[in-house]
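Numbering (the working numbering), first residue to last: 1244 to 1487.
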C-alpha cells in the first residue's frame, strides 16, 4: 500500500505503429502531470515508464515485470539529486494505447478483459504471442481488472459534472471486452504478474487499459489528457485504495 494520503500510478505509452506516424498514447502520456489530487484528497503520483513499449511478446513480458518491480530509476520524472527513494510501491498500472484496426477513431475505450490465446497478428519482430508459454505458467484463459466497472461509473459521473452541457460531443466513451493485438497482451501480461509473484498478490487486478482517439492536434491531446486525468482520479477513489 502507498504511504497514507498518496497513490502511485505507473503509465505507459507506445511509439508510432502500423501505418501511423504518431501514437496518441505517447503524446497523452507525455502530457500528463506528475501529480494530481483525487476527490478523496489523496495525492496521486504519476510515474511514466521511462521508454516507449514495443509491440513484441518479449518486450511486453519484460515491461510488465519491470513496472511491478517498482525500481524508481525506471520511471519519469527522473529522481531529484536529493531524493533517496529507490523503490516505488506501485498501486496500479494504466496502459495507454491508440484506437486502430477499424474501431471508431473518435472513441475512448476502457478495456475490461484480456485473453491468453487467439492472437493471429505478428509483432514488430515477426513473432506471434507465445500463448503456450503463458499456458505453461498455469495462467487462466482470461484475466480481468478487479474494480473497473465501479470506477467507470464514477468516471462518467465526473465527466458530466466537469463538462456538463459542454461535454465533448465528438469523443465517445465505451467499455469494451475486445481489446486486440498487443494492447490486449499488455493488459493480460501485467494482470498476470501478481498471480506469478507471491510478493505482488495484494496487487491482483490492479491494471487497466485505456484506448485513446486518433485525433492528435494540440486541442485533441489536451482533451484526451483531461479525460485520462479524470479516469485516473476515478480509479484512485475506489474503496480498495481507501482503507487506511
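Glycine included, C-beta positions come from ideal geometry on N, C-alpha and C. Fair warning: this is a prediction, and the values are worked out from it, not measured in the lab.
- Annotation for residue 1441: no alpha helix (DSSP H) segment contains it, and DSSP assigns it neither H nor E.
- Annotation note: the segment 1273 to 1351 contains the following uninterrupted beta strand (DSSP E) runs of length 3 or greater, listed N- to C-terminal: 1278 to 1280, 1286 to 1292, 1335 to 1341.
- For residue 1466, the enclosing alpha helix (DSSP H) covers residues 1461 to 1479.
- Non-local C-beta neighbours of residue 1371 in its own chain, meaning closer than 7 Å and more than five positions away in sequence, comprise 1362, 1365, ordered along the chain.
- Residue 1453 has its alpha-carbon roughly 10 Å from the corresponding atom of residue 1417.
- When C-alpha distances from residue 1429 are compared across 1442, 1298, 1368, 1264, the shortest belongs to 1298.
- Judged by DSSP in its simplified three-state form, residue 1358 adopts strand.
- Residue 1253 sits in a strand when the DSSP states are folded into three classes.
- Looking at the DSSP output, residue 1387 sits in a beta bridge with 1356.
- For residue 1451, the three-state secondary structure derived from DSSP is strand.
- The beta carbons of residue 1443 and residue 1311 sit closer together than 8 Å.
- Sixteen is the threshold: since fewer than 16 other Cβ atoms of the shown chains lie within 10 Å of the Cβ of residue 1461, the residue is exposed.
- Using a Cβ distance threshold of 8 Å, residue 1450 and residue 1388 count as a contacting pair.
- In the assembly as shown, residue 1425 is a buried residue. Its beta-carbon has 16 or more other beta-carbons within 10 Å.
- The residue among 1348, 1342, 1301 with its C-alpha nearest the C-alpha of residue 1369 is 1301.
- Where residue 1377 is concerned, the enclosing alpha helix (DSSP H) starts and stops at 1374 to 1379.
- In the DSSP assignment, the residues bridged to residue 1419 are 1354.
- As the crow flies, the alpha-carbon of residue 1252 is around 15 Å from that of residue 1316.
- With respect to the C-alpha of residue 1330, the residue from 1309, 1287, 1248, 1275 having the closest C-alpha is 1309.
- In the three-state reduction of the DSSP assignment, residue 1370 falls in the coil class, being assigned neither a helical nor a strand state.
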